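Protein chains: 2
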Amino acid sequence: MKKSLGAKTIVYPTPVWIVGTYDADDKANGMTAAWAGVCRSDPPCVAVSIRKARHTYAAIVQRKAFTISIPSESYATQADYFGMASGKTADKFAVAGLTAVRSELVDAPYVGEFPLVLECGLLHTFELGVHTQFVGRIEDVKADQEVLDQRGRPDVEKIKPISFAPETSTYHAVGRPLGQAYSIGRELKTG
Amino acid sequence: MKKSLGAKTIVYPTPVWIVGTYDADDKANGMTAAWAGVCRSDPPCVAVSIRKARHTYAAIVQRKAFTISIPSESYATQADYFGMASGKTADKFAVAGLTAVRSELVDAPYVGEFPLVLECGLLHTFELGVHTQFVGRIEDVKADQEVLDQRGRPDVEKIKPISFAPETSTYHAVGRPLGQAYSIGRELKTG
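Taken in sequence, the protein lines are chains A and B.
Positions 4 to 194 (this note's numbering) are the ones given, in order, by the first sequence.
Positions 4 to 194 (this note's numbering) are the ones given, in order, by the second sequence.
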């Protein structure tokens, strides 16, 4: 018998991504987003939901671009700070001691120190009331050489991304591998 | 210097959720989704992207409802199977040995054995080409008593959800806690 917890955003895992933008003064800004995910394979797209009051909201509307930078677990403090401060009053990159790298593909900066970044052009804007969902077309994914495996693929155990647990509001590391997708379920399919 | 990997859906973490629906024959079906995430806080909503060819696509369009069931890591094999087989030809719940529980709130079933489930009514349908993004309003979240902490909140370390790593197509457990959100970043904000 399951217990009802009410209508809440309780679901796992949710990501911890830094959304990078330039504001009207050309100042680089970053905002932590957990209400986000992939939303299309071809062309590849991600969706991030942002409140209209956020500094990042106006920046995406104006520049029609954003980046997603994935913090490693060693940057959990900086990732949390990017979700607490506002780019309206703070230079978050400077405070966090991180480097805003200007994308050559889209009009937005990414976090140089983070191991994996996505450069996105704004494709769709879906109004959802308090939140606006921005769908960005992924123009490129860039990764540090050190997080690639021998076949040149990003290795999630080297990237060490962070996940966010709603309700308890805790950050968590990625844990041990549980198996290969499109493979471990085969025993049931053919069984 | 980062290496370009091209325009791909490489981003971490992505979730492993089972989308539960009833088809035109009233058969319960489940489909594994990783292109998904929270998209709104109030009212709480999740978004899942599904290809039009999927059996689940027609079911959501017809029933205007779906559930999200979160598998524990001990159900990784079943979760993978739900992403490989099609409800057009298979009774996936029967093959996987899982129980389809009829929701009392929405016209869709959830996985009884999984520790946390969301019951969603279809709120928006966004066409994204090959994928359609369904936005579901979360009507209730239900959890097994055993995964709640002393304050009655779901404990992600007891739920043991799975994350999916694109490109290497591997499943991963949730790892150790890295800190409290809206807290660990404070040292930078006041520093």
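Note that CB positions come from ideal geometry on N, CA and C, so glycine has one too.
Nothing here was measured: the structure is a model prediction, and the numbers come from that model.
Review point. With distances taken from CA atoms, which of A:Ser44, A:Met87, A:Ser172 is nearest isoleucine 141 of chain A?
Key: By one-based count along the first sequence, residue 141 of chain A stands at place 138. When only C-alpha atoms are compared, the closest one is A:Ser44.
**Study point:** Buried versus exposed, by CB contacts within 10 Å (16 or more), lysine 55 of chain A
**Key:** Reading the first sequence from its first residue, position 52 is the one you call residue 55 of chain A. Exposed: under 16 other Cβ atoms inside 10 Å.
**Study point:** Endpoints, the beta strand (DSSP E) within which glycine 40 of chain B is located
**Key:** Here residue 40 of chain B is taken as the residue at index 37 of the second sequence, counted from 1. That run of the beta strand (DSSP E) goes 39-43.
Check your understanding: How big is the Cα-Cα spacing for leucine 101 of chain A and leucine 8 of chain B?
Key -> Taking the first sequence and counting its residues from 1, one reaches residue 101 of chain A at position 98. Taking the second sequence and counting its residues from 1, one reaches residue 8 of chain B at position 5. The alpha-carbon atoms of leucine 101 of chain A and leucine 8 of chain B are separated by roughly 23 Å.
Exercise for review: Would you grab the beta carbon distance between proline 169 of chain A and threonine 17 of chain A for me? Rounded to a whole angstrom, and I think it's under 8 Å.
Suggested key: For this step, residue 169 of chain A is matched to residue 166 along the first sequence. For this step, residue 17 of chain A is matched to residue 14 along the first sequence. So it is a contact: roughly 6 Å between Cβ atoms.
Practice item. For valine 49 of chain A, collect the residues of the same chain with a Cβ closer than 8 Å to its Cβ; drop the 5 residues on either side in sequence, then sort them by chain order. Key: Here residue 49 of chain A refers to the residue found at position 46 of the first sequence. Closer than 8 Å at the Cβ level, and outside the excluded window around valine 49 of chain A, lie Ala39, Gly40, Val41, Cys42, Ile71, Leu121, Cys123, Val138, Gly139, Ile141.
Check your understanding: Which of the three DSSP states, helix, strand or coil, is assigned to glutamine 136 of chain B?
Key -> In the second sequence, residue 136 of chain B corresponds to position 133, counting from 1. Note: glutamine 136 of chain B maps to strand in three-state DSSP.
Check your understanding: What residues in its chain sit with their C-beta under 6 Å from that of glutamine 136 of chain B, if we drop five residues either side in the sequence?
Key -> As a first step, residue 136 of chain B must be located in the second sequence, where it is residue number 133. Once the five neighbours on either side are set aside, the close Cβ partners of glutamine 136 of chain B are Ala50, Ser52, Phe129.
Practice item. Can you tell me which of the three DSSP states glycine 86 of chain A falls into? Key: By 1-based counting over the first sequence, the position of residue 86 of chain A is 83. Here DSSP, grouped into helix, strand and coil, assigns glycine 86 of chain A to helix.
**Study point:** Exposure of threonine 80 of chain B, with buried meaning 16 or more beta-carbon neighbours within 10 Å
**Key:** As a first step, residue 80 of chain B must be located in the second sequence, where it is residue number 77. Buried, by the Cβ-count rule.
Point to revise | aspartate 83 of chain A burial status per 10 Å Cβ neighbour count (16 or more: buried) | key: Numbered from its first residue, the first sequence carries residue 83 of chain A at position 80. Buried.
Review point. Does the beta carbon of valine 150 of chain A sit closer than 7 Å to a beta carbon anywhere in chain B?
Key: In the first sequence, residue 150 of chain A corresponds to position 147, counting from 1. So no, valine 150 of chain A is outside the interface.
Check your understanding: In chain B, what lies closer than 7 Å to leucine 121 of chain A by C-beta?
Key -> Here residue 121 of chain A is taken as the residue at index 118 of the first sequence, counted from 1. Going along chain B in sequence order, the residues near leucine 121 of chain A (Cβ under 7 Å) are Val14.
Practice item. Please check the pair alanine 37 of chain A and valine 14 of chain A, which I expect to be a contact at CB under 8 Å, by giving their CB distance rounded to whole angstroms. Key: Within the first sequence, residue 37 of chain A is the residue found at index 34, counting from 1. Within the first sequence, residue 14 of chain A is the residue found at index 11, counting from 1. Actually they do not touch by this definition, with Cβ atoms about 10 Å apart.
**Study point:** Of the listed residues A:His58, A:Phe85, A:Phe117, nearest to isoleucine 73 of chain A (C-alpha basis)
**Key:** Mapped onto the first sequence, residue 73 of chain A falls at position 70. Of the candidates A:His58, A:Phe85, A:Phe117, the one whose C-alpha sits nearest the C-alpha of isoleucine 73 of chain A is A:Phe117.
Exercise for review: Classify methionine 3 of chain B as buried or exposed, calling it buried when 16 or more other Cβ atoms lie within 10 Å of its own Cβ.
Suggested key: Lying outside 4 to 194, the shown extent of chain B, residue 3 of chain B is not represented and no answer is given.
Review point. Considering only the beta carbon of each residue, do leucine 181 of chain B and glutamate 76 of chain A sit closer than 7 Å?
Key: For the purposes of this step, residue 181 of chain B is taken as residue 178 along the second sequence, with counting starting at 1. For the purposes of this step, residue 76 of chain A is taken as residue 73 along the first sequence, with counting starting at 1. Result yes, Cβ atoms of leucine 181 of chain B and glutamate 76 of chain A sit closer than 7 Å.
**Study point:** Closer than 9 Å at the beta carbon, the chain B residues around glutamate 190 of chain A
**Key:** Counting from one through the first sequence, the residue named residue 190 of chain A turns up at place 187. Thr80, Tyr84, listed in chain order.
Exercise for review: Just the C-alpha distance for glutamine 66 of chain B and threonine 12 of chain B, rounded to the nearest angstrom, thanks.
Suggested key: On the second sequence, residue 66 of chain B is found 63 positions in, with the first residue counted as 1. On the second sequence, residue 12 of chain B is found 9 positions in, with the first residue counted as 1. Per the sequence presented here, residue 66 of chain B reads as arginine, with glutamine not at that position. Computed Cα separation, rounded: 30 Å.
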